[in-house]
Amino acid sequence: DALKSYQSGLDIFTKIYESNGSAQQSQPQRKHPDVAAAYNNVGLALYQTGKFQESYDAHNKAKAIMEDLYGPDHASLAMTLGSLGNALKSLERLDEAMDHFQRAHKLLLATLDGNTQHPDVASSFNNMGLVLAQQGKSEDALPMYKSAQEAFSKSLGDSHPHTGSCHFNIGLVHQELGDWQKASMEFDLARLIWSSSLGVEHPQTQFAEKAKKELDEAIQTMKGAEK
Numbered sequence: 012d013a014l015k016s017y018q019s020g021l022d023i024f025t026k027i028y029e030s031n032g033s034a035q036q037s038q039p040q041r042k043h044p045d046v047a048a049a050y051n052n053v054g055l056a057l058y059q060t061g062k063f064q065e066s067y068d069a070h071n072k073a074k075a076i077m078e079d080l081y082g083p084d085h086a087s088l089a090m091t092l093g094s095l096g097n098a099l100k101s102l103e104r105l106d107e108a109m110d111h112f113q114r115a116h117k118l119l120l121a122t123l124d125g126n127t128q129h130p131d132v133a134s135s136f137n138n139m140g141l142v143l144a145q146q147g148k149s150e151d152a153l154p155m156y157k158s159a160q161e162a163f164s165k166s167l168g169d170s171h172p173h174t175g176s177c178h179f180n181i182g183l184v185h186q187e188l189g190d191w192q193k194a195s196m197e198f199d200l201a202r203l204i205w206s207s208s209l210g211v212e213h214p215q216t217q218f219a220e221k222a223k224k225e226l227d228e229a230i231q232t233m234k235g236a237e238k
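Using the working numbering, the first residue of the sequence shown is number 12, and each one after it goes up by one.
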């Protein structure tokens, strides 16, 4: 599988770079971009299998190598920091996750000359929104999701599934804040986007349709109780 393949690649790269020098040189030889990339690949595969702590450890090794090679503010660190943030979020170490996402976001913007209309920047906004929502900071999460939605719309198109995901997340925040009408509208936008891009029977489309239906029923019940 992918994890075994990436782990094998990591072992090969490590042996290659260790063999290039003496025993005293072996540790510096491990600090090579290929070894860092191999650790990142292993980390991504571990994350996909739900091994979040092991994923974090692998990405952290990649980060240490890259910081040693390039310094702490190099653009190439952005993706690794984002991967670390994802692992930390899944481990519910939310403050640490936010720190990593914010650092990744800063590096991305520097790399792209401040261009916020880029898919990677959109993902970065969305990641920060997810952490804030998980922390119960719905009002802070909302502008992050809106920035992500705008960036995905501009870079990938209004009908892209990622744009739909942002609309759904915006809907969840509005629902949490008690603005059910806006939430229903966002759920419907997500449903329409996913229906056209993923298909009517896709689980995400069905999920958005169910969320909108249940919320609309709650709105009608509330209106009936007010009469």
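Glycine included, every Cβ here is placed at the ideal spot set by N, Cα and C.
When the options are compared against residue i, the one with the closest alpha-carbon
| i | options | result |
| --- | --- | --- |
| residue 87 | 51, 97, 189 and 234 | 51 |
| residue 9 | 140, 130, 142 and 83 | Not covered by the structure: residue 9. The range shown for the chain is 12 to 238. |
| residue 49 | 62, 63, 216 and 91 | 91 |
| residue 223 | 59, 237, 235 and 191 | 191 |
Inter-residue Cα distance where the pair is residue i and residue j
| i | j | result |
| --- | --- | --- |
| residue 128 | residue 119 | 11 Å |
| residue 198 | residue 171 | 15 Å |
| residue 221 | residue 214 | 10 Å |
| residue 73 | residue 233 | 53 Å |
| residue 107 | residue 154 | 21 Å |
| residue 131 | residue 121 | 12 Å |
| residue 134 | residue 44 | 24 Å |
Inter-residue CB distance, residue i and residue j (contact presumed, cutoff 8 Å)
| i | j | result |
| --- | --- | --- |
| residue 188 | residue 149 | 5 Å |
| residue 94 | residue 55 | 7 Å |
| residue 111 | residue 99 | 6 Å |
Cut-off 7 Å between Cβ atoms - residues of its own chain near residue i, not counting five sequence neighbours on either side
| i | result |
| --- | --- |
| residue 219 | 179, 198, 201, 202 and 205 |
| residue 152 | 140, 143, 144 and 184 |
| residue 216 | 202, 205, 206, 209 and 210 |
First through last residue of the alpha helix (DSSP H) which encompasses residue i
| i | result |
| --- | --- |
| residue 215 | 214 to 237 |
| residue 91 | 88 to 101 |
| residue 158 | 149 to 167 |
| residue 59 | 44 to 59 |
| residue 62 | No alpha helix (DSSP H) holds residue 62; DSSP gives it neither H nor E. |
Cβ shell of residue i (< 6 Å), same chain only, five flanking positions each side left out
| i | result |
| --- | --- |
| residue 165 | 128 |
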